[in-house]
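A.B. asks: This is the structure, below, for whatever I ask next.
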Amino acid sequence: MKYLRIIIFINILLSFSGCDDSFNPYTDFKEKYSLVSILRSDTTLQIATITKNYLNEDNNFTNHKMLFEKNADVRIWYGNSVFRLRDTVLTSDNGADTIQCYYTKDFSITTEKAIEIEALLSNGKRLKAVSETPAKTEFKNTSEVIIPPIGKNVVQVYWIPAGMQNYYQPRLKMKCEFVENGINKIFYKELPSSVSISNGEKYPVYPKASRNNSVVYNLDAISWYLQSISDSLSSPVKLSIHQNLVLELLTFDIELSRYISISSSTIDNFSVRFDEGDYSNINGGLGIFGSLIKTDYSKLKFIESYIRSFKFNFIFDLK
């Protein structure tokens with residue numbers, strides 16, 4: 088299902104501390120529930136997942152597993168509306184990935200709105216959390232508008248922060264077209280901000296979520312990345328690159344920002360890992376409930392001669 092491309096694929100792993108010799112894990116083991124839901128502004132598909140930990144058949148306390156919690160009554164309050172979520176299994180187009188979750192396709196979020204989630208489990212246990220969507224983020228006019236920039240070797244984009252505590256995740260993407268077996272495929276490629284070297288090999292490095300109100304892309308990294316694509320193609324001219332780029336900026340609300348800060352993790356890797364010491368705002372269990380707003384900076388444009396220097400075809404955009 089195409090929705091897996093635009094949702095955060097939630098894979099929860101709960102790990103618990105060991106016990107001393109006087110502790111009996113079989114009598115003191117407690118089921119713990121986790122609720123994860125991250126509301127987004129760029130889709131009407133909102134999901135939540137609820138899991139519980141349980142012992143294996145061999146009662147191995149150190150090797151417990153997670154199980155999706157079915158038959159829960161899950162509701163989300165957004166503004167003056169309430170939405171009831173249904174359980175389903177979402178599957179990717181190629182069938183390789185699936186996720187059991189609760190979902191609704193009835194709303195997307197905007198800035199500075201109160202949000203609340205409540206899950207009533209079949210055993211009567213209740214999980215609850217509240218948050219507020221982030222404030223509006225605007226880009227500054229001092230941001231770059233062309234690649235490569237004139238007289239400098241870096242591409243910089245600046246924005247006015249939504250708040251001092253919010254985390255931001257930038258992604259610079261270029262639009263590509265490639266004809267394969269007579270079919271024109273359109274896709275996006277994320278550009279790296281820098282390059283790392285390990286054992287003599289170069290690897291792309293992408294911006295991480297942070298409180299910074301700007302992002303810097305090294306032109307050398309972008310050029311290396313484009314050249315590596317060109318070198319991998321027998322006929323680079325068959326790949327068309329559009330003039331316009333887009334910098335997607337994800338603004339995380341305070342709850343998600345606290346999670347990223349305390350757990351030293353990110354929401355961008357399509358997984359959310361929880362240890363008992365990590366930040367959680369779920370009353371009655373573990374997990375995280377929050378939101379993110381996506382804002383696009385669309386003033387960046389490639390210079391034609393730069394793209395053609397890598398032997399790619401170049402497509403002018405009307406705007």
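First residue of the sequence shown? That's 88 in the numbering used here, and the numbers climb one at a time after it. All C-beta atoms, glycine included, are put in the ideal place defined by N, C-alpha and C.
Any chance the region 202 to 220 sits against the region 274 to 293, with 3 or more Cβ pairs inside 8 Å?
C.D. replies: No, the region 202 to 220 is not in contact with the region 274 to 293.
A.B. asks: Which partner residues does residue 377 have in the DSSP bridge list?
C.D. replies: Numbered from its first residue, the sequence shown carries residue 377 at position 290. Answer is 125, bridged to residue 377.
A.B. asks: Just how far apart, CA to CA, sit residue 217 and residue 140?
C.D. replies: Here residue 217 refers to the residue found at position 130 of the sequence shown. Here residue 140 refers to the residue found at position 53 of the sequence shown. Distance between the alpha carbons of residue 217 and residue 140 is about 24 Å.
A.B. asks: Hey, out of 375, 406, 307, 302, whose CA is closest to residue 239's CA?
C.D. replies: Here the question's residue 239 lines up with position 152 in the sequence shown. Per the Cα distances, 307.
A.B. asks: In three-state DSSP terms, what is residue 318?
C.D. replies: Locating residue 318 in the sequence shown gives position 231, where the first residue counts as 1. DSSP places residue 318 in helix when its eight states are reduced to three.
A.B. asks: Residue 337 to residue 266, Cα distance in whole Å?
C.D. replies: Residue numbering aside, residue 337 sits at position 250 when the sequence shown is read from its first letter. Residue numbering aside, residue 266 sits at position 179 when the sequence shown is read from its first letter. Roughly 31 Å separates the two Cα atoms.
A.B. asks: Unbroken alpha helix (DSSP H) runs of length 4 or more, entirely within the region 269 to 323: which are they?
C.D. replies: Within the region 269 to 323, the complete alpha helix (DSSP H) runs of at least 4 residues are 306 to 319.
A.B. asks: Identify whether residue 225 lies in helix, strand or coil by the three-state DSSP scheme.
C.D. replies: The residue given as residue 225 occupies position 138 in the sequence shown. Residue state, collapsed to three classes: strand.
A.B. asks: Okay, do the region 314 to 331 and the region 368 to 375 touch, 3+ Cβ pairs below 8 Å being the bar?
C.D. replies: The answer is no - the region 368 to 375 does not touch the region 314 to 331, with fewer than three Cβ pairs under 8 Å.
A.B. asks: Per DSSP, what kind of secondary structure is residue 344 in: helix, strand or coil?
C.D. replies: Mapped onto the sequence shown, residue 344 falls at position 257. Residue state, collapsed to three classes: helix.
A.B. asks: Determine the contact status of residue 399 and residue 291, defining contact as a CB-CB distance below 8 Å.
C.D. replies: Numbered from its first residue, the sequence shown carries residue 399 at position 312. Numbered from its first residue, the sequence shown carries residue 291 at position 204. No.
A.B. asks: Can you tell me which of 334, 202, 236, 189 puts its alpha carbon nearest to the alpha carbon of residue 293?
C.D. replies: Locating residue 293 in the sequence shown gives position 206, where the first residue counts as 1. Minimum Cα distance to residue 293 is reached at 334.
A.B. asks: Could you give the uninterrupted runs of the beta strand (DSSP E) lying entirely in the region 179 to 266, keeping only those of 3 residues or more?
C.D. replies: Segments of the beta strand (DSSP E) lying fully in the region 179 to 266: 185 to 191, 201 to 207, 213 to 219, 241 to 247.
A.B. asks: Buried or exposed: where does residue 284 fall if 16 or more other Cβ atoms within 10 Å of its Cβ makes it buried?
C.D. replies: Here residue 284 is taken as the residue at index 197 of the sequence shown, counted from 1. Classification of residue 284: exposed, given that the 10 Å Cβ count is below 16.
A.B. asks: Among all the DSSP beta bridges, which residues are the ones paired with residue 137?
C.D. replies: Position 50 of the sequence shown holds residue 137. In DSSP, residue 137 forms a bridge with 122.
A.B. asks: Nearest-angstrom Cα distance between residue 221 and residue 251?
C.D. replies: Translated into the one-based positions of the sequence shown, residue 221 becomes position 134. Translated into the one-based positions of the sequence shown, residue 251 becomes position 164. If I take the Cα positions, the gap works out to 11 Å.
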